[in-house]
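Using the working numbering, read the sequence shown as starting at 3 and increasing by one per residue.
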Amino acid sequence: MRYFIVCLCLFGTMLLRAQDTGSIVGKLTDKELNNEPLAFANILLKGTTKGTTSDFDGLYEISGLEPGTYTVVFSYLGYETVEVPNVVVEAGKVTNINAPMSASEGMTLDEVVVVTVARKDSETALLLDQKRAIEIKESIGAIELGNLGISDVKSAATRISGVTESEASGDVFVRGLGDRYLVTTFNGLPIPSDDIEKKNIDLGLFPTRVIQNVSISKTYSASVSADQASGNINIASRELTGTEELEVGVSTGANTNAIGDGSSDNFKVSANYEDTSLGFYDTDVNIFDQLTKQSWDVGTVETPINHRVNLSAGKSFFNNKFKVFMTASNSKSHRYLTPGVFKIWDQVTVTDSITDFEQWETEYVNNGLLDLTFQNEKNIVKSVTLFINTLNDIVSEGGRNGFGNIQEETIGNFSDFVRDQNIKQTTLFVQQLIGNHKFGEKNVLDWAVSYNKLDADEPNRIRNVVNFTAETGNVILFENSGFESRKLSQFIDDEEYNGLIKNRFKALEEDTKHFYIDLGINYRRKTRDFESTFYGVANVGENRPNSNSIDDLDQIFTIANFQNDLLEILSFQSNADGEVKDEYSGEYESKAAFAQFSLNFDKWNINAGLRFQQDDIIVDYDVNNAPGGDVGNVTRDYSNFYPSLNLKYSINDEHAIRFAASRSITLPEFKEIAPFRYISPTGQQVFGTVGEDAVEASFSNNFDLKWEFFPSRGELISGALFYKSIDDPINKVRARGADGALFTFRNTGDKATVYGIEVESKIDLIKPGINDEDGSPIGPKLSLVLNASRMWHEQNLSEERAESNPDIIAETFRYGPNKEAGLQGASDWVANSSLNLETSGDNRFVANVSASYASDKVFALGFARSQQNWDTRYNDAIVEKGFVVLNSRISKAFGEHFEVSLSGQNLLNPFIKQTIDVLTSESRAELEAFSDDREERLGPNAPERVTFTDEVRSYKIGRIFRLGLTYRF
3 MRYFIVCLCL
13 FGTMLLRAQD
23 TGSIVGKLTD
33 KELNNEPLAF
43 ANILLKGTTK
53 GTTSDFDGLY
63 EISGLEPGTY
73 TVVFSYLGYE
83 TVEVPNVVVE
93 AGKVTNINAP
103 MSASEGMTLD
113 EVVVVTVARK
123 DSETALLLDQ
133 KRAIEIKESI
143 GAIELGNLGI
153 SDVKSAATRI
163 SGVTESEASG
173 DVFVRGLGDR
183 YLVTTFNGLP
193 IPSDDIEKKN
203 IDLGLFPTRV
213 IQNVSISKTY
223 SASVSADQAS
233 GNINIASREL
243 TGTEELEVGV
253 STGANTNAIG
263 DGSSDNFKVS
273 ANYEDTSLGF
283 YDTDVNIFDQ
293 LTKQSWDVGT
303 VETPINHRVN
313 LSAGKSFFNN
323 KFKVFMTASN
333 SKSHRYLTPG
343 VFKIWDQVTV
353 TDSITDFEQW
363 ETEYVNNGLL
373 DLTFQNEKNI
383 VKSVTLFINT
393 LNDIVSEGGR
403 NGFGNIQEET
413 IGNFSDFVRD
423 QNIKQTTLFV
433 QQLIGNHKFG
443 EKNVLDWAVS
453 YNKLDADEPN
463 RIRNVVNFTA
473 ETGNVILFEN
483 SGFESRKLSQ
493 FIDDEEYNGL
503 IKNRFKALEE
513 DTKHFYIDLG
523 INYRRKTRDF
533 ESTFYGVANV
543 GENRPNSNSI
553 DDLDQIFTIA
563 NFQNDLLEIL
573 SFQSNADGEV
583 KDEYSGEYES
593 KAAFAQFSLN
603 FDKWNINAGL
613 RFQQDDIIVD
623 YDVNNAPGGD
633 VGNVTRDYSN
643 FYPSLNLKYS
653 INDEHAIRFA
663 ASRSITLPEF
673 KEIAPFRYIS
683 PTGQQVFGTV
693 GEDAVEASFS
703 NNFDLKWEFF
713 PSRGELISGA
723 LFYKSIDDPI
733 NKVRARGADG
743 ALFTFRNTGD
753 KATVYGIEVE
763 SKIDLIKPGI
773 NDEDGSPIGP
783 KLSLVLNASR
793 MWHEQNLSEE
803 RAESNPDIIA
813 ETFRYGPNKE
823 AGLQGASDWV
833 ANSSLNLETS
843 GDNRFVANVS
853 ASYASDKVFA
863 LGFARSQQNW
873 DTRYNDAIVE
883 KGFVVLNSRI
893 SKAFGEHFEV
903 SLSGQNLLNP
913 FIKQTIDVLT
923 SESRAELEAF
933 SDDREERLGP
943 NAPERVTFTD
953 EVRSYKIGRI
963 FRLGLTYRF
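This is how it looks when you write it as structure tokens:
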């Protein structure tokens, strides 16, 4: 009942958007006046009351048409009336009819040009694209996403078979392989990451309103970068699909956790929040002065309601040859992670323990897209400008209940309390120019250039770990840990230039056969400048300034306490120029040339390609306490050939079999070979590795076999087998001999394998009838979408012996009984499903329910605490438990203009958990008493290992409801 009341309170959404109908557009010309535009002619759909007149330029449009077959009647006073029968209007498409008219000789139907332009965001168009493609590719379009109530590209990608998201890391995984093995492109061109810890940009930054579709090519093609193993996620931007469009919308909603008990009147925001406005952070106070001139305490906001405002507009000019489209939006959302467990285990002991860890998140997103497209019979030139600005304000804390233990020092009746405050500002600017030109009948030239500029800044991250007494509220700083109260900043500045030229020569093109040759070159140059400044505050001597409340730490960090030498400011950073900062710069340059040969004859389509790619990576660093020296550089260069093969055999018009094989590379990222120690808001520390242990690239051999069945237009049933073999896999591992919060990157083994089965179906359970007069649908349509994957994955864990003594282990990645382990982030089972009901006619009703599930996955590999006794002295892998996400949406149209909708996301609101298996101290003692020989302890005669499972992280993210009213002009 509470959620029903919430939904009613949120009523009032007003959105103007295009519906899933078709349009007829075109131009009328006057043959009597040398084909000048014919104005004020009448265009009518026979048997209906729908029609229009041509304008001064002879242009016309009849929009909002239900799919079906129509007869179009053209008439003009004194001219011959002409009927064009069997004009097919399809959902989400524009049918163009250009017609010359005459008074004396009439018009033959041969003179009429009828072209149907498929919208790339419609489900049917994408299925047709998938059917025609040679490579193995799957897509989901904006229309389907709108019906499902999906708001961003990350959520959209997880609707494709074999694709999952880790709630803990935010990474997207394709066939069990995560961020490092993927490549993300925007209109086919590279786009930078917004996060120092990620290779790919956060797909959640792209709202569905700026895209036409999201596609995932799960097989490598020689025409794109070879730096991928699991696939290429491509985001296709929106463009104008008709002759004009105008859309304005506002929406509102809420996260039930954020407005629920304990949060709605006390929703926390960081001390930085007051320096933000509409999603932009602005202050002229540097990080050093923030220590004394800014509060250390959090603020609060009331009624954290989500809202969004968006505008879209477009128009075509010059007989539909030049199109302008723009869209812009501003949104604000809130999320609250309910109190849960946060633990760190070190072998048989809990070192860090919080039982009431909670987090408040506020996010602003501003984005804008401008598309300019010129098109005639021979040329297409497109300019795409994208701007995305996000601001994330995060407050996390634990220990308020008096049971916190953060390992450094807990004295007397005190417990530990930890709070992190962070604000992250990400600004992305993308400018692309894309061209397609036909030269004669044999050559097609494609070219593209782009410039990307990314600023990803965390201008002020605040952390406090303090001693705290719940009974009295008394708070004091740790005695010896000077950096447990700190403020730090970090800035990333990335610039990137990309270029592509590809020419297709049509050596042979006949009705049943063709032979194409594609030759092209790629260029990419990316630079990064990174810097971080870190200050801590500590007691001076035996002084222990205190506060009487954990919500008023400013009582401790007063200017008087600094001036009176009760507190001091510390810094352990100092670069070569004497500045208090760590910094590194990176440069990546990739040059490539490729050739592809596409042959079609009878039922066969063969695409074979070869790519030569040269990759050069340079990182120069000046970092305090870096392994191998404070100042240095790391270089990596790779020059290789990468082949690809895609085969398609069409059994008939409905069935096809595809096969793909390729070899690709996974390059190390800047962060993995830069020794900067990045400290996350939760205290996790991550650093790159230099020297002889620095990460090297890994190589993958990829094989796919797929069967597809298209029962009818808009329906699909398919099954696929895939296999990947990865040499020298790269993993994020906990650093040797360190506690559970220090991570680095290594090639942890010689080989990893992933293989599995995928099935997918899009079928109509109930099909609508057809109106014999106009071909329009009659009655309801009920469709079912289901895809599922079963994967098997394994990697060997390497072990190296000392050269001087083979009995001594120099380094091992094995732990517990494990000489092999599953891949990080890979789920054995993945499933997505949706059931969709849609009625036809003027008062359209749409309802759907969708669900997704990913089984348990490894969040972080285990590691040995003792090199020689890795079977008993170890920390096991952290596992993210599987859970189900359930969403639903209903909408009802009232006449031509109004529509009411209600949507709900994460309706089950499951607990999200991470667990670890712990070897009991008694079992460890029994194993070590049994034998000093590790192999005997791992043998069949050894005592049984006794373990128990413990939660190390748990929380709920809440349900999201939105109620809306739509008005269409």
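Quick reminder that beta carbons are idealized off the backbone N, C-alpha and C, glycines included.
Contact set for K52: own chain, Cβ-Cβ below 8 Å, skip 5 residues either direction: L46, I64, L67
query: What do you reckon, are the CB atoms on V920 and D952 nearer than 8 Å?
result: yes
- request: Apply the 10 Å Cβ neighbour rule to I811 and answer buried if 16 or more other Cβ atoms are within range, or exposed otherwise.
  value: buried
message: With distance defined between alpha-carbon atoms, name the residue in V467, Y586, L205, N321 nearest to K156.
response: L205
message: If the criterion is Cβ atoms closer than 8 Å, does the pair A259 and T340 meet it?
response: Here residue 259 is Asn; the residue named in the question, Ala, does not match the sequence. Against a cut-off of 8 Å, the Cβ pair of T340 and N259 comes out as a contact.
query: Cα separation between I382 and D154?
result: 28 Å
query: How should A228 be labelled, buried or exposed, when 16 other C-beta atoms within 10 angstroms of its C-beta is the threshold for buried?
result: buried
- request: Return the CA-CA distance between F441 and P192, expressed in angstroms with no decimal places.
  value: 27 Å
query: Once you ignore the five residues that flank E937 on each side, which residues in its own chain have a CB closer than 7 Å to its CB?
result: none
Stretch pair the region 418-432 + the region 267-284: three plus CB contacts closer than 8 Å: yes
task: Identify whether R964 lies in helix, strand or coil by the three-state DSSP scheme.
output: strand
message: Under 8 Å: do the region 302-317 and the region 243-254 share three or more Cβ pairs, one atom per stretch?
response: yes
Among L179, V90, V84, the one whose alpha carbon lies nearest that of D830: L179
- prompt: By how many angstroms is the C-alpha of S700 removed from the C-alpha of E497?
  reply: 25 Å
task: Would you be able to state if there are at least three C-beta pairs under 8 Å between the region 541-555 and the region 573-587?
output: no
query: DSSP on E241, reduced to helix/strand/coil?
result: coil
query: Are the C-beta of L601 and some C-beta of chain C separated by less than 8 Å?
result: The question asks about chain C, but that chain is absent: this structure has only one protein chain.
- prompt: What residue range is occupied by the uninterrupted alpha helix (DSSP H) comprising T294?
  reply: 289-295
- prompt: What first and last residue would you give for the alpha helix (DSSP H) that runs through L929?
  reply: 923-932
- prompt: Roughly how many angstroms lie between the CA atoms of P782 and N403, to the nearest whole one?
  reply: 55 Å
message: I believe Y623 touches A676 by the beta-carbon criterion, under 8 Å. Please report the beta-carbon distance rounded to the nearest angstrom.
response: 5 Å
field: Alpha carbon of Y957 to alpha carbon of F913, nearest angstrom
entry: 6 Å
field: Given 8 Å, three or more beta-carbon pairs between the region 300-307 and the region 180-187
entry: no
- prompt: On the three-state DSSP scale, how would you describe D584?
  reply: strand
task: Indicate whether the contact test is met: 3 or more Cβ pairs, each with one atom in the region 326-337 and one in the region 605-614, closer than 8 Å.
output: no
query: CB S318 to CB G522, shorter than 8 Å?
result: no
- prompt: So, are the CB atoms of S791 and D766 less than 8 Å apart?
  reply: no
query: Straight-line CA distance for V467 to I203?
result: 31 Å
query: Does DSSP classify Y222 as helix, strand or coil?
result: coil
field: Continuous beta strand (DSSP E) stretch holding E953: start and end
entry: 949-957
task: Assign S223 to buried or exposed, taking buried as 16 or more other Cβ atoms, counted over all protein chains shown, within 10 Å of its Cβ.
output: buried
message: When you compare the region 834-841 with the region 746-760, are there three or more beta-carbon pairs, one atom per stretch, that lie closer than 8 Å?
response: no
- prompt: Apart from the five residues on each side of it in sequence, which residues of its chain come closer than 6 Å, Cβ to Cβ, to T54?
  reply: I45, Y62, I64
task: Could you spell out the range, first to last residue, of the beta strand (DSSP E) harbouring A458?
output: 445-470
- request: Please report the residue range of the alpha helix (DSSP H) in which I675 lies.
  value: 672-675
Residue closest to G897, alpha-carbon to alpha-carbon, out of G864, V887, N845, F861: N845
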